[in-house]
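Below is one structure, written out as structure tokens; the observations come after it.
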Amino acid sequence: MTPEVNVSGSLRNRLVVILTGGAALLAIILYVVVRILAAQIAQQGQDNILNASMSSILDTAVLQDGRVALDFPYSSLSMLTTGADDRVYYAIYEDETLLSGYDWLVSPRDLASDGTHFESTTFADDPLRVATGSRTLIGPDGPRNVFVSIAQTQDALSDTLNASTRNVALLGLGFFVMSSAVAIWAASTTSGQMRRLATSVTRRGPQDLSPVAKPVPTEMAPLVGSLNTFMSRLDHTLTQSEDFIAEAAHRIRTPLATVRSHAEATLQRVERTENRKSLQAMVRAIDESSRAAGQLLDHAMVTFRAENLERSEVDLADLLDELVLRMTPVAEMNDITLTTKLDRPAMLLGDAILLQNALRNLIDNALKYAPAETDVIVKVTNAPTLTVSVSDEGPGFADDEIETLSGRFVRGKNMGNKVGSGLGLTIAQEVAAAHGGTMSLTNKPEGGACVTLSF
Ligand SMILES: Nc1ncnc2c1ncn2[C@@H]1O[C@H](COP(=O)(O)OP(=O)(O)O)[C@@H](O)[C@H]1O
Ligand SMILES: [Mg+2]
Numbered sequence: 000m001t002p003e004v005n006v007s008g009s010l011r012n013r014l015v016v017i018l019t020g021g022a023a024l025l026a027i028i029l030y031v032v033v034r035i036l037a038a039q040i041a042q043q044g045q046d047n048i049l050n051a052s053m054s055s056i057l058d059t060a061v062l063q064d065g066r067v068a069l070d071f072p073y074s075s076l077s078m079l080t081t082g083a084d085d086r087v088y089y090a091i092y093e094d095e096t097l098l099s100g101y102d103w104l105v106s107p108r109d110l111a112s113d114g115t116h117f118e119s120t121t122f123a124d125d126p127l128r129v130a131t132g133s134r135t136l137i138g139p140d141g142p143r144n145v146f147v148s149i150a151q152t153q154d155a156l157s158d159t160l161n162a163s164t165r166n167v168a169l170l171g172l173g174f175f176v177m178s179s180a181v182a183i184w185a186a187s188t189t190s191g192q193m194r195r196l197a198t199s200v201t202r203r204g205p206q207d208l209s210p211v212a213k214p215v216p217t218e219m220a221p222l223v224g225s226l227n228t229f230m231s232r233l234d235h236t237l238t239q240s241e242d243f244i245a246e247a248a249h250r251i252r253t254p255l256a257t258v259r260s261h262a263e264a265t266l267q268r269v270e271r272t273e274n275r276k277s278l279q280a281m282v283r284a285i286d287e288s289s290r291a292a293g294q295l296l297d298h299a300m301v302t303f304r305a306e307n308l309e310r311s312e313v314d315l316a317d318l319l320d321e322l323v324l325r326m327t328p329v330a331e332m333n334d335i336t337l338t339t340k341l342d343r344p345a346m347l348l349g350d351a352i353l354l355q356n357a358l359r360n361l362i363d364n365a366l367k368y369a370p371a372e373t374d375v376i377v378k379v380t381n382a383p384t385l386t387v388s389v390s391d392e393g394p395g396f397a398d399d400e401i402e403t404l405s406g407r408f409v410r411g412k413n414m415g416n417k418v419g420s421g422l423g424l425t426i427a428q429e430v431a432a433a434h435g436g437t438m439s440l441t442n443k444p445e446g447g448a449c450v451t452l453s454f
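Structure below.
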């Protein structure tokens, strides 16, 4: 039975979300920054070419017969050729008079006096980049300012930009995918540490309260530290309470025996039926109590020894021979035939006292719950596995109880008025578990209970 745990999300998922979210944000920033840089570089390239073209035209400006004359060198236009067939426009001014070209391009009034000027405009919905430069020619009638503007559409530029945008997007996506993979891996390894600790604690037997010795990461040290302290306190408390139960049971048993002998003696002397009846009930109650005290004592002993198993080579066949011999008088008193079917040798590395205690409880049950004139069979097999079974011809276990009967103080509905405390099967089960074995309760097809310990 695992107690309910309040769960609020998963650390691993939270880590994955935070890390992949961060990676996505970084990828977007990377995309935006690289795109802006690429646009700047591409623009710079176009500006350089426009500047070269404009300067080469401006260089040809001369004064002829008092008039400004200009030439378009072949290279000034050929350098502007692009794969996207961009259109080129120009404007030439002398001071504020348009000599040739398109007057909408730029007005020389906007020009800075230092010469070159770049700007972006649009013409017929097409984005344009314009480079303007000026030159002063000194003529006989004073200085004359010549302005040349060269403009180019930006189709090739946006093609290049689109291509690089696609590449940058792919780069960002790749970056995101790789960082997400790293994030998932990092989150899994981190939470793996915790899972490993959890598994190592879960996998322990219920009796194992030893501290966690495995090295753990610093962040988990406080948790593991508290867990260890908690377990050692629990261990201490458990030992104390087992000691207490054993001591209490021992102290109760002795006076009970005295009371019982007094009651029996009185029973001999009393003649009135109702007095005899109540004395008999008293003796029975005393039997119940002293048996319960005995079982408690046995159980405390089993719990204690199971933790510090004193292992030695035990032959279960020999052990049962002796046990059956001792219990035969009880069987005879109940008119039951106690027989053995023993494979020899049946060697087990275990605690003889515990094993004897467990088997005594099983035989005791069989003798108690089976009716008179039936057989109880104690059987040992040594192959393929070592098993001991005690079977009888009694009523067997109720099907709906079979899972729970080995619990502490649990008694079945077939208990009738039989003296008992509900600890016999518990003891047998704990002894089997302490030896790495299991106990199973079954009903034989022909009727009767069968309890098997497998090692
Ligand atoms: N051989 C058996 N035949 C039928 N029922 C049994 C047998 N052994 C045990 N039981 C059932 O299992 C219950 C638990 O057994 P146990 O733990 O030994 O307690 P107790 O013997 O004190 O009743 C019993 O109360 C009884 O109902
Ligand atoms: Mg019993």
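Going by numbering that gives the first Met the number 0, the sequence shown opens with residue 0, and the numbers climb by one from there.
Think of the CB as a built atom: it goes at the ideal place given N, C-alpha and C, for glycine as much as any other residue.
- For VAL176, the uninterrupted alpha helix (DSSP H) segment begins and ends at 154-201.
- For LEU296, the enclosing alpha helix (DSSP H) stretches over residues 272-306.
- Closest option to VAL31, judged by alpha-carbon separation, among TRP103, ASN364, SER74 and SER163: SER163.
- In this structure, DSSP gives LYS443 a state outside helix and strand, which the three-state scheme calls coil.
- Of the other Cβ atoms in all chains shown, 16 or more fall within 10 Å of the Cβ of ASP391; this residue is therefore buried.
- Here the alpha carbon of ASP102 sits roughly 49 Å from the alpha carbon of GLY173.
- In this structure the region 274-291 does not lie against the region 317-337, because fewer than three pairs of beta carbons, one per stretch, are closer than 8 Å.
- Per DSSP, reduced to three states, the secondary structure at ASP242 is helical.
- In the structure shown, SER54 adopts helical secondary structure according to DSSP, grouped into three states.
- CA-to-CA, the gap between LYS367 and ALA186 works out to about 60 Å.
- GLY423 places its beta carbon less than 9 Å from that of LEU361.
- Here the alpha carbon of LYS213 sits roughly 52 Å from the alpha carbon of ALA284.
- A distance filter of 6 Å between CB atoms and the heavy atoms of ligand 2 selects the following residues in sequence order: ASN360, ASP363, ASN364, GLY419 and GLY423.
- In summary, SER420 is buried, with 16 or more beta-carbon neighbours lying within 10 Å of its beta-carbon over all protein chains present.
- Residue ranges of uninterrupted alpha helix (DSSP H) with 4 or more members are absent from the region 373-399; none lies entirely inside it.
- When secondary structure is reduced to three states using DSSP, GLY224 falls in the helix class.
- If you look at ILE401, you'll find it isn't in any alpha helix (DSSP H); DSSP assigns it neither H nor E.
- Shortest gap from the CB of ARG410 to any heavy atom of ligand 1: under 8 Å.
- Our two residues, ALA22 and LEU36, have alpha carbons roughly 21 Å apart in a direct line.
- Secondary structure note for MET219: it is in no beta strand (DSSP E), with a DSSP letter that is neither H nor E.
- Placement of the Cβ of LYS378 at a distance of 8 Å or more from every heavy atom of ligand 1 is found.
- With a 10 Å radius around the Cβ and a threshold of 16 neighbouring Cβ atoms, GLN39 comes out exposed.
- DSSP places MET78 in no beta strand (DSSP E); its state is neither H nor E.
- Per DSSP, the beta-bridge partners of HIS116 are THR131.
- Rounded to the nearest whole angstrom, the CA to CA distance from GLY406 to ALA431 is 14 Å.
- Nearest neighbour of ALA68 by Cα position, chosen from SER77, ASN144 and LEU29, turns out to be ASN144.
- Cβ-Cβ distances below 8 Å link GLY65 to GLY138, PRO139 and ASP140 in the same chain, with the five nearest sequence neighbours on each side left out; the list follows chain order.
- Inside the region 315-367, DSSP marks whole beta strand (DSSP E) runs of 3 or more residues at positions 336-341 and 346-349, from first to last along the chain.
- A check of alpha carbon separations from GLN43 across ASN364, ALA264 and SER119 identifies SER119 as the nearest.
- Non-local C-beta neighbours of CYS449 in its own chain, meaning closer than 6 Å and more than five positions away in sequence, comprise SER388, SER390, THR441 and LYS443, ordered along the chain.
- With a cutoff of 9 Å on beta-carbon distance, THR339 and LEU308 are scored as not near each other.
- Distance from the Cα of LEU62 is smallest, within the candidate group ARG134, LEU79 and PHE117, for ARG134.
- Inter-segment contact for the region 44-53 and the region 178-198 is absent: fewer than three beta-carbon pairs are separated by less than 8 Å.
- Distances taken from the Cβ of VAL450 to the heavy atoms of ligand 1 include one shorter than 8 Å.
- The secondary-structure analysis by DSSP pairs PHE122 across a beta bridge with ASP125.
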